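Chemist: Dropping a structure here in structure tokens format, bear with me for questions.
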Amino acid sequence: MKILTVLGARPQFIKAADFSRALDQIDNIEEIIIHTEQHYDPNMSDIFFEEMNIPKPKYLLQTGGKTHGAMTGQQLEQIENIFLYEKPDLVLVYGDTNSTLAGALAAAKLHIPVAHVEAGLRSFNKKMPEEINRILTDQLSDYLFVPSLLAKKNLLNEGINEEKIFVVGDIMYDVFLYYKEKKVKPAWFDSLNLNNFILCTIHRAENTDDKNKLHNIFEGLSLSNKNIILPLYPRTVNKIKEYNLNIAKNIYIVEPVGYLEMVWLEVNTDLIVTDSGGVQKEAYFHGKYCVTLREETEWIELVDQGFNTLVGCNAEVIKNGIIFNLDKHISNKNLYGTGVTSTLITDILSDIR
Ligand code: UDP
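Per the working numbering, residue 61 is the first one in the sequence shown, and the count goes up by one each step.
Following this line, the structure appears as structure tokens:
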């Protein structure tokens with residue numbers, strides 16, 4: 061069987077690291093990777109392929125740095141040409157980016173079966189581009205691999221046939237288990253001279269594209285008066301410059317880090333503050349409490365279990381969320397499977413005739 065996998069953004073590289081390794085073990089499956097270069101900076105892309113041994117993409121599409129419509133449209137056109145030439149038996153997409161949707165749409169129109177890993181998640185906020193991508197991709201998919209029963213319920217509520225839905229756990233838990241002992245301390249860490257710190261990431265368009273929201277977030281981080289390490293996404297860096305935001309002295313902005321350094325930061329932090337989907341779950345896997353800079357989350361189980369608090373972008377609420385939850389430890393209850401997601405998916409794919 062020939063599988064064409066469409067990747068484009070950092071969280072997808074991290075998921076592919078585990079799954080491509082699993083696919084490689086299976087004799088009758090050939091995987092070809094298309095990289096849309098939605099993320100293209102070396103520390104947002106190359107570093108993951110190198111340190112996580114992800115197979116080299118056969119196709120690079122240079123579609124990054126565009127508006128949503130232009131990016132998705134160009135990806136659709138180019139991916140369709142590749143599918144016509146490669147004639148895959150199955151197309152594999154991950155998560156909720158424009159590349160996910162473009163891959164699924166190109167495949168569905170050519171009647172190529174689509175497998176969606178991390179299907180069924182819903183934040184119920186259609187202002188998030190990711191939510192639109194999730195809903196549409198799920199409607200187009202033939203094999204929907206969901207991380208939890210709640211995700212399955214979301215799909216059933218949208219009329220998706222139960223036979224297409226497979227509860228397999230979260231592939232990022234497999235990744236966590238594989239890499240947790242391979243962590244690497246960032247070279248710059250000792251020069252910061254910090255005894256303790258809070259790890260923070262900020263990249264959602266709903267936060268970065270609104271000057272007031274981003275200002276309030278930095279105000280809340282500043283008011284907490286804790287040491288905050290912030291590996292910052294290129295878009296957020298540009299927005300800080302554009303909005304001329306003042307960054308308080310307790311906030312240490314660094315370049316985005318590779319996954320192994322990220323694991324080190326997650327292991328050693330006192331708390332995680334983030335608007336990332338993936339980092340919310342990694343906080344849980346590492347037993348760290350998470351303060352989420354959003355009004356809602358697609359990882360609802362974490363909030364329901366009391367492992368994650370949603371603070372939105374009000375400075376006082378963010379400050380209190382940080383101070384109140386500092387050093388809280390949580391325990392893993394296998395909310396997202398047992399770390400065998402890749403094997404469960406490859407078993408299902410290997411049986412396709
Ligand atoms: N990540 C990383 N380096 C960083 C920030 C995040 O390797 O500087 C990893 C993080 O550990 C997680 C993934 O990127 O595995 C999350 O991706 P991102 O936050 O970009 O997207 P989302 O999960 O919100 O879709």
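Glycine included, C-beta positions come from ideal geometry on N, C-alpha and C.
Since we're looking at a predicted model, the values are computed, not measured.
Going by CA-CA distance only, name the one from N158, D106 and I107 that's closest to T127.
Modeler: Closest by alpha carbon: N158.
Chemist: Hey, T132 and A164 are a contact pair by Cβ (cut 8 angstroms); roughly how many whole angstroms apart?
Modeler: T132 to A164, Cβ: 11 angstroms. No contact.
Chemist: Alpha carbon to alpha carbon, how far is D84 from Y203? Give it in angstroms, no decimals.
Modeler: About 20 angstroms.
Chemist: Look up Y145 in the DSSP assignment and say whether it is helix, strand or coil.
Modeler: Helix at Y145.
Chemist: Does the Cβ of W248 have 16 or more other Cβ atoms within 10 Å, making it buried, or fewer, making it exposed?
Modeler: Classification of W248: exposed, given that the 10 Å Cβ count is below 16.
Chemist: Do L259 and I192 count as a contact pair if the criterion is CB distance below 8 angstroms?
Modeler: Against a cut-off of 8 angstroms, the Cβ pair of L259 and I192 comes out as no contact.
Chemist: Taking the CB atoms as reference points, tell me whether V323 and K243 lie closer together than 8 angstroms.
Modeler: It is a contact, given that the beta carbons lie within the stated cut-off.
Chemist: Taking 8 angstroms as the cut-off, decide whether the C-beta atoms of I74 and Y319 are in contact.
Modeler: Yes. Within cutoff.
Chemist: Can you check the region 360–411 for any beta strand (DSSP E) of at least 3 residues that lies completely inside it and give the ranges in chain order?
Modeler: Whole beta strand (DSSP E) segments, 3+ residues: 368–370.
Chemist: Considering only C-alpha positions, which residue in the set E326, L120 and V297 is nearest to E241?
Modeler: Selected option, being the one with the closest Cα: E326.
Chemist: In or out: G399 buried (at least 16 other Cβ within 10 Å) or exposed?
Modeler: Looking at its Cβ environment, which holds 16 or more other Cβ atoms inside 10 Å, G399 is buried.
Chemist: Quick one, which of L370, H176 and N253 has its alpha-carbon nearest T160's?
Modeler: With distances taken between Cα atoms, T160 lies closest to H176.
Chemist: Measure the alpha-carbon distance for I360 versus G372 and round it to whole angstroms.
Modeler: Each residue's Cα considered, the two are about 15 angstroms apart.
Chemist: From the DSSP secondary-structure annotation, give me the bridge partner or partners of L150.
Modeler: Answer is I63.
Chemist: Write down every uninterrupted run of the beta strand (DSSP E) in the region 265–310 whose length is 3 residues or greater and which is fully enclosed by it, in chain order.
Modeler: Runs of the beta strand (DSSP E) inside the region 265–310: 288–291.
Chemist: Could you spell out the range, first to last residue, of the alpha helix (DSSP H) harbouring V317?
Modeler: Run containing V317: none; DSSP gives neither H nor E here.
Chemist: Let me know the secondary structure DSSP gives H346 once reduced to three states.
Modeler: In the structure shown, H346 sits in coil (DSSP, three-state: anything other than H, G, I, E or B).
Chemist: Mapping the DSSP letters down to three states, classify V228 as helix, strand or coil.
Modeler: V228 falls in the coil class under three-state DSSP.
Chemist: In whole angstroms, give me the CA-to-CA distance for H95 and G124.
Modeler: So the alpha carbons of these two residues sit roughly 10 angstroms apart.
Chemist: Give me whichever residues DSSP pairs with L204 in a beta bridge.
Modeler: Beta-bridge pairing links L204 to H176 and I225.
Chemist: Take Y154 as the anchor and find which of P189, S105 and V66 has the nearest alpha-carbon.
Modeler: Measuring from the Cα of Y154, the nearest candidate turns out to be V66.
Chemist: Counting C-beta neighbours from all protein chains within 10 Å, is the total for I307 16 or more, i.e. buried, or is it exposed?
Modeler: Classification for I307: exposed.
Chemist: Check whether the Cβ of V339 sits closer than 7 angstroms to any heavy atom of ligand 1, and report yes or no.
Modeler: For ligand 1, at least one heavy atom lies less than 7 angstroms from the Cβ of V339.
Chemist: What number of angstroms, rounded off, separates the C-alpha of L274 from the C-alpha of L404?
Modeler: Taking the straight line joining both Cα atoms gives about 40 angstroms.
Chemist: Under the criterion of a Cβ to heavy atom distance below 7 angstroms, does R81 qualify as lining ligand 1?
Modeler: Result no, Cβ not under 7 angstroms from ligand 1.
Chemist: Report back the beta-carbon spacing between Y396 and S208 to the nearest angstrom; my notes put them in contact at under 8 angstroms.
Modeler: Between S208 and Y396 the Cβ distance is about 6 angstroms, and since that is below 8 angstroms, they are a contact.
Chemist: With 8 angstroms as the threshold, decide whether the Cβ of F226 is near any Cβ in chain C.
Modeler: Chain labels in this structure do not include chain C; a single protein chain is all it has.
Chemist: Does the Cβ of T261 lie closer than 7 angstroms to at least one heavy atom of ligand 1?
Modeler: Yes; taking the cut-off as 7 angstroms, the Cβ of T261 has a heavy atom of ligand 1 nearer than that.
Chemist: Under 7 angstroms from any heavy atom of ligand 1, does the C-beta of G229 make it?
Modeler: Because no heavy atom of ligand 1 lies under 7 angstroms away, the Cβ of G229 does not count as near it: no.
Chemist: Please name the residue, chosen from D230, L386, N328 and V317, that lies closest to V351 on a Cα-to-Cα basis.
Modeler: For V351, the nearest C-alpha among the options comes from L386.
Chemist: Give me, in chain order, the residues of the same chain whose beta-carbon lies closer than 7 angstroms to that of S183; leave out the 5 immediate sequence neighbours on both sides.
Modeler: Around S183: E191, E356, T357 and E358.
Chemist: For I378 versus I300, is the C-beta spacing smaller than 8 angstroms?
Modeler: Not in contact: I378 and I300 (Cβ atoms no closer than 8 angstroms).
Chemist: At a cut-off of 7 angstroms, is C300 close to ligand 1 when judged by its beta-carbon and the heavy atoms of the ligand?
Modeler: The sequence given here has Ile at residue 300, not Cys. Checking every heavy atom of ligand 1 against the Cβ of I300, none is found closer than 7 angstroms.
Chemist: With hydrogens ignored, establish whether the beta-carbon of V317 is closer than 7 angstroms to any heavy atom of ligand 1.
Modeler: Yes; taking the cut-off as 7 angstroms, the Cβ of V317 has a heavy atom of ligand 1 nearer than that.
Chemist: With which residues is Y119 paired in a DSSP beta bridge?
Modeler: Answer is I94.
Chemist: Report yes if the C-beta of G372 is less than 7 angstroms from at least one heavy atom of ligand 1; otherwise report no.
Modeler: Answer for G372: no, Cβ out of range of ligand 1.
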